[in-house]
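Residue numbers (the numbering used here): 439 to 949.
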Amino acid sequence: MNQRNVNLQHSITTLAAKGWSARKIARELGLHRETVGRYLDLPKPDSKPAIPPAGSPAVADAKPALVPAGSKSGRASQCVPFAAAIQQGLAAGLSAQRIYQDLVADHDFTGAYDAVKRFVRRLGKQVELPFRRMECAPGQELQVDFGQGAWVSENGKRRRTHLFRCVLSHSRKGYSEAVRRQTSESFLRSLENAFRHFGGVTATVVIDNLKAGVLQADWFDPELNPKLEEFARHYGTVILPTKPRTPRHKGKVEAGVKYAQNNAVKGRSFDSLAAQNLFLADWEKNTADTRLHGTTRQQVGRLFTEVERPALQPLPAMGFPVFAEARRTVHRDGHVEFKRAYYSVPPEYVGATVWVRQETRLLRVHNTRREQIALHALAEPGQFTTAGAHLHSRKRHIVERGADYLLERCRLIGPLTGTWAAAMHQNRGPQGLRVMLGLLHLAEKHPVAELEKAARLAAHHGAWRLRDLRRLLELPGNVVQLDFLETHPLIRSLDAYRITPLETLNPNQNP
């Protein structure tokens, strides 16, 4: 509380202690009766006075002489005569307990601690503490906000633009740019243009809780747009949203937006958005930078050039990449949809929320921690792009893993089985993939020793069908039967070995 309020409080309480009524005090001091009533903690006419419970120290110590004459209240607080001392204690930052102790020791206060505590609480509601001015070091802070821009006439239509403006908190150097819409992309590009215009980056950027930058407003833990977070990491700065509905947290740019609206764009219209931005650039250089700022009492442009520009962080080598980003939910088939094309993600993300980012020819998928979980080439609408690594092992057919995988599995059964499988695949080609799959099923039902013995016999006789292995495994001791061999295409018929009788020979032929 300032000195004027302290003196006014002292005057009111002193006159009230002398028995003056609230009406008489108001008339004498030129105040409204309700103002006097607030200082004396008098109840409103339509309310009943608060009376402490019977038996409390406040009732026991109450003195009727402290009730101002003509007052409509029941009992005045015992703290009223000591209001000035209590006010001084509050201004010094003392607690109610400390104020009570000082009143007892220095002013012979006979009331209870609860009476002081209630009086201090009521004074706290009446006294509004002054705002604290926050001044920043050079290069420390940039404040950003949007205002209303000038009218633009394009293609026979007249539209109102949005005025992006940011102000360096130390030098009050500003940057203005007109945009058509307050989208995330236009906000980031305007902020990037501001950094390029200043020739450096501030340590922090204070923004409003605009939808283009903040997904969930929260003073303690706001949820920023992931694209804005990526932008901040690229430029090495920190985004600090203000407290919701508290514009004074960025008061410098609030004043800067009003200055630009009233001095630059008010009453003007332009033929195009580019024409308005050219005018704003010239206005910043020749008007805003040359003015003597009312708070710093220095020329804005000179203070920026001499003090703040050297304190800015250097710009990165490249600008922030252009990309489109959106939040998506992973479908049950393990894919996400983006612009009517479908892209696979790891199976553990089914049903989860992910971020999809489209770059020039690539599509990246990030989890909520901004970690990349998938990378695909852009697909045409209606196409499915599925990475083999994104198929769950229980949903991936063993044949899809290829011949090398199946051959390796067959070799693990035994060397003879592996040799037979390799020779079979060489002879039968792609059909051998299913034969190897059947061989692996046989290995689950028969001992390895029997399967190895059958594979050796089948390879020896060039039998490359799975049913040949099954018949060998069904025979006791894997004995090769003649009927089995007779059916094999590599075995010639017995007629080829039949002896021709002598009488059928040609007489001219040697016996």
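We put the CB at the ideal spot given by N, CA and C, even for glycine.
As the structure is a computational prediction, the values presented were derived from the model and not from experiment.
Item, Value
"For residue 636, the three-state DSSP class (helix, strand or coil)", "helix"
"Residue 754 versus residue 670: straight-line alpha-carbon distance, rounded", "11 Å"
"Beta-carbon separation (whole angstroms), residue 728 vs residue 737, contact threshold 8 Å", "7 Å"
"Enclosing alpha helix (DSSP H) for residue 912 [first to last residue]", "904–912"
"The segment 464–482 in contact with the segment 445–454 per 3-pair CB rule at 8 Å", "yes"
"Any C-beta of chain C under 9 Å from that of residue 796", "The structure shown has no chain C; it contains just one protein chain."
"Residue span of the alpha helix (DSSP H) that contains residue 955, given as start and end", "With the chain covering 439 to 949 only, the question about residue 955 has no answer from this structure."
"Whether residue 794 touches residue 765 by CB criterion (9 Å)", "yes"
"Simplified DSSP assignment, three categories, for residue 578", "coil"
"For residue 708, the three-state DSSP class (helix, strand or coil)", "strand"
"Neighbour-count burial assignment, residue 515, 16 or more Cβ in a 10 Å radius", "buried"
"Nearest-angstrom Cα separation, counted from residue 463 out to residue 507", "Residue confidence is low: residue 507 scores 37 on pLDDT, short of 50, so the model does not pin down where it sits. Its coordinate-derived value is still stated next. So the alpha carbons of these two residues sit roughly 11 Å apart."
"Proximity of residue 632 and residue 582 at Cβ, strictly below 9 Å", "yes"
"Residue 527 versus residue 541 - alpha carbon distance", "10 Å"
"Reduced DSSP secondary structure (H/G/I, E/B, other) of residue 514", "coil"
"Buried versus exposed, by CB contacts within 10 Å (16 or more), residue 760", "exposed"
"Cβ neighbour criterion (16 or more within 10 Å) applied to residue 710", "exposed"
"Every unbroken alpha helix (DSSP H) inside the segment 623–708 [4 residues or more]", "664–673 and 689–698"
"Alpha-carbon spacing of residue 456 relative to residue 532, whole angstroms", "28 Å"
"For residue 652 and residue 685, believed in contact at Cβ under 8 Å, the rounded distance", "That pair is no contact at about 15 Å."
"Outcome for residue 488 when other beta-carbon atoms lying within 10 angstroms are tallied against a minimum of 16", "A caution first: residue 488 carries a pLDDT of 48, below 50, which makes its placement in the model unreliable, though a value can still be read off. With fewer than 16 Cβ atoms within 10 Å of its Cβ, residue 488 is classed as exposed."
"Spatially closest choice to residue 544 from 520, 690, 557 and 525, by CA coordinates", "520"
"9 Å Cβ cutoff met for residue 758 and residue 626", "yes"
"Boundaries of the beta strand (DSSP E) in which residue 612 is found, first to last residue", "612–617"
"Residues near residue 741 in its chain [Cβ-Cβ closer than 7 Å; skip 5 each side]", "609 and 734"
"Neighbourhood of residue 703 by C-beta distance below 7 Å, restricted to the same chain and skipping five residues each side", "587, 588 and 601"
"Burial state of residue 818 (16 or more Cβ within 10 Å)", "exposed"
"Rounded separation between residue 391 and residue 896 - CA only", "In the structure as shown, the chain starts at 439 and stops at 949, and residue 391 therefore has no counterpart that could be examined."
"Residue 858, enclosing beta strand (DSSP E) - first and last residue", "Taken as a continuous stretch (DSSP letters only), residue 858 belongs to no beta strand (DSSP E), being part of the alpha helix (DSSP H) at 853–866."
"Three-state secondary structure assigned by DSSP to residue 533", "coil"
"Host beta strand (DSSP E) of residue 788 (start-end)", "First-last for residue 788: undefined, no H or E at that position."
"N-terminal and C-terminal residue of the alpha helix (DSSP H) that residue 745 is part of", "Run containing residue 745: none; DSSP gives neither H nor E here."
"For residue 722, the residue or residues it bridges with in DSSP", "In the DSSP output, where bridge partners are listed per residue, residue 722 has none listed."
"Own chain partners of residue 825 with C-beta closer than 8 Å, once the 5 adjacent residues on each side are dropped", "782, 812 and 814"
"Residue from 661, 847, 664 and 823 with nearest C-alpha to residue 882", "847"
"Bridge-paired residues (DSSP) for residue 793", "765 and 804"
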